[in-house]
Amino acid sequence: IVDPAPLPEDEEGRVEAALRPKSLAEFPGQPRVREQLSLVLEAARRRGSTPDHILLSGPPGLGKTTLAMIVAAELQAPIRITSGPAIQHAGDLASILSSLAEGEVLFLDEIHRMARPAEEMLYLAMEDFRVDIIVGKGPGATAIPLELAPFTVVGATTRAGLLPAPLRDRFGFTGHLDFYSTDDLRTILRRSAGLLGVDHTNQGLAEIAGRSRGTPRIANRLLRRVRDWAQVHGNHVVDHDAAQAALALFDVDDRGLDRLDRAVLDALCRRFAGGPVGLSTLAVAVGEEPDTVETVAEPFLVREGFMVRTPRGRAAAPLAWEHLGLTPPPGEQW
Ligand code: ADP
Numbered sequence: 034i035v036d037p038a039p040l041p042e043d044e045e046g047r048v049e050a051a052l053r054p055k056s057l058a059e060f061p062g063q064p065r066v067r068e069q070l071s072l073v074l075e076a077a078r079r080r081g082s083t084p085d086h087i088l089l090s091g092p093p094g095l096g097k098t099t100l101a102m103i104v105a106a107e108l109q110a111p112i113r114i115t116s117g118p119a120i121q122h123a124g125d126l127a128s129i130l131s132s133l134a135e136g137e138v139l140f141l142d143e144i145h146r147m148a149r150p151a152e153e154m155l156y157l158a159m160e161d162f163r164v165d166i167i168v169g170k171g172p173g174a175t176a177i178p179l180e181l182a183p184f185t186v187v188g189a190t191t192r193a194g195l196l197p198a199p200l201r202d203r204f205g206f207t208g209h210l211d212f213y214s215t216d217d218l219r220t221i222l223r224r225s226a227g228l229l230g231v232d233h234t235n236q237g238l239a240e241i242a243g244r245s246r247g248t249p250r251i252a253n254r255l256l257r258r259v260r261d262w263a264q265v266h267g268n269h270v271v272d273h274d275a276a277q278a279a280l281a282l283f284d285v286d287d288r289g290l291d292r293l294d295r296a297v298l299d300a301l302c303r304r305f306a307g308g309p310v311g312l313s314t315l316a317v318a319v320g321e322e323p324d325t326v327e328t329v330a331e332p333f334l335v336r337e338g339f340m341v342r343t344p345r346g347r348a349a350a351p352l353a354w355e356h357l358g359l360t361p362p363p364g365e366q367w
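Note that full-length UniProt numbering has the sequence shown beginning at 34, numbered continuously upward.
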């Protein structure tokens, strides 16, 4: 329930679409990125040209897709949405690029996962609005240049460091999204509760905000589960009691840690005496894939100071012992 990636269920997609802010003015949080984007877009509008390509980086669920849609809306331009993993051949990209209308926004989610040949085609297209279509094979192959209408790429990545430098350099502006403050999450939840027609109290929303790991997608998801609880067991109001009971039912504790987070900390402290221990050993101990531990649990645990990454592996920070009600062994921890 606290996985920041979207769940593969239709309801989540539909609700998310309904809850997305539609303009920069309506978008709570990320004041710096909002101001930077607003400047870039306004300047382009005044020049009457397409803006520079835009890269949005940051963990999942913080609003990259939402901002890409807002960019298109602010430019009053159509948007085409695709993702790195969906483009495995340069031909896939060529057909998308050649069908873009003038000024269209091309949103490339998970741009770091695009196949190499497509990536190289994208550099050229972003720089010169041109693609070279290769016809034939071997020594007889020829490149036929194809002019493209000017467009704006909005790329999103959770791993800006994985983007090859030539691709990163083609973006005139990079916005770094950071985790949201509890106050901003409360604002987002208030807006979402209004849109979903959910009765609520400030304490109820504050309780959810405090357990949402700085992530709007998680906040909105927890709100829906608390609403469910309030409808079935409560008085139809998302209040403090409903939030506490529902989040306890879904194993989300008062710091926003879920079952997996606690299992990781528990393994670190009890089985490995605080660590350090390698990621794959830790993952086996909690019965999960290393990738899940690394992308779902670890960023939050490290950011909140429960866990540290050392050159020799993962280790429990003092806060982990405290949170589990355990006493750390005496002496140096890692
Ligand atoms: P990402 O692309 O970074 O994974 P999304 O843009 O898909 O994240 O956002 C996930 C969900 O969180 C969407 O339902 C969106 O409405 C909501 N959301 C994200 N950022 C905000 C924000 N600043 N204000 C309100 N809702 C937000």
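Just so it is clear, CB atoms sit at the ideal spot from N, CA and C, and this is done for glycine as well.
Please read these numbers as outputs of a predicted model, since none were measured by experiment.
Where residue i sits in the DSSP three-state scheme
i: Val-319; result: helix
i: Val-310; result: strand
i: Asp-36; result: coil
i: Asp-291; result: coil
i: Asp-261; result: helix
i: Val-48; result: helix
i: Thr-325; result: helix
i: Glu-355; result: helix
i: Leu-283; result: Going by the sequence as given, residue 283 is Phe instead of Leu. Coil, per DSSP.
i: Glu-75; result: helix
i: Gly-364; result: coil
i: Gln-63; result: coil
Residues that DSSP places opposite residue i in a beta bridge
i: Pro-342; result: Here the sequence assigns Arg to residue 342, which means Pro is not the residue at that position. Arg-347.
i: Asp-232; result: Val-270
Best match in the options for proximity to residue i [C-alpha to C-alpha]
i: Gly-307; options: Pro-363, Val-270, Thr-325 and Arg-258; result: Pro-363
i: Arg-201; options: Pro-111, Ala-348, Met-159 and Ala-127; result: Met-159
i: Glu-68; options: Gly-208, Phe-184, Ala-349 and Arg-292; result: Gly-208
i: Pro-93; options: Gly-169, Phe-60 and Asp-142; result: Asp-142
i: Asp-125; options: Glu-240, Phe-206, Glu-152 and Glu-135; result: Glu-152
i: Glu-337; options: Glu-107, Thr-325, Pro-344 and Asp-287; result: Asp-287
i: Thr-314; options: Val-335, Arg-345, Leu-70 and Thr-175; result: Arg-345
i: Lys-97; options: Gln-109, Glu-180, Ala-110 and Val-187; result: Val-187
i: Ile-162; options: Gln-121, Met-147 and Glu-137; result: According to the sequence shown, residue 162 is Phe rather than Ile. Of the listed residues, the one whose Cα sits closest to Phe-162 is Glu-137.
i: Leu-89; options: Leu-196, Pro-118, Met-340 and Glu-135; result: Leu-196
i: Leu-334; options: Thr-360, Asp-291, Ala-318 and Pro-323; result: Asp-291
i: Leu-40; options: Leu-229, Thr-190 and Leu-255; result: Leu-255
Cβ-heavy atom distance, residue i to ligand 3, below 6 Å
i: Arg-53; result: Within the structure as shown, ligand 3 is missing, the only ligands being ligand 1.
Ignoring anything shorter than 3 residues or poking outside the UniProt domain "AAA+ ATPase" (83-216), list the beta strand (DSSP E) runs there in chain order.
87-90, 112-116, 138-142, 163-168, 175-180, 185-190 and 206-209
Is it a yes or a no for the region 116-135 touching the region 177-184, going by three-plus beta-carbon pairs under 8 Å?
yes
Are three or more beta carbon pairs between the region 239-256 and the region 216-230 nearer than 8 Å?
Yes: at least three Cβ pairs fall under 8 Å.
Using 8 Å as the cut-off, can you tell me whether the region 228-244 makes contact with the region 270-277, which would need three or more C-beta pairs spanning the two stretches below that distance?
yes
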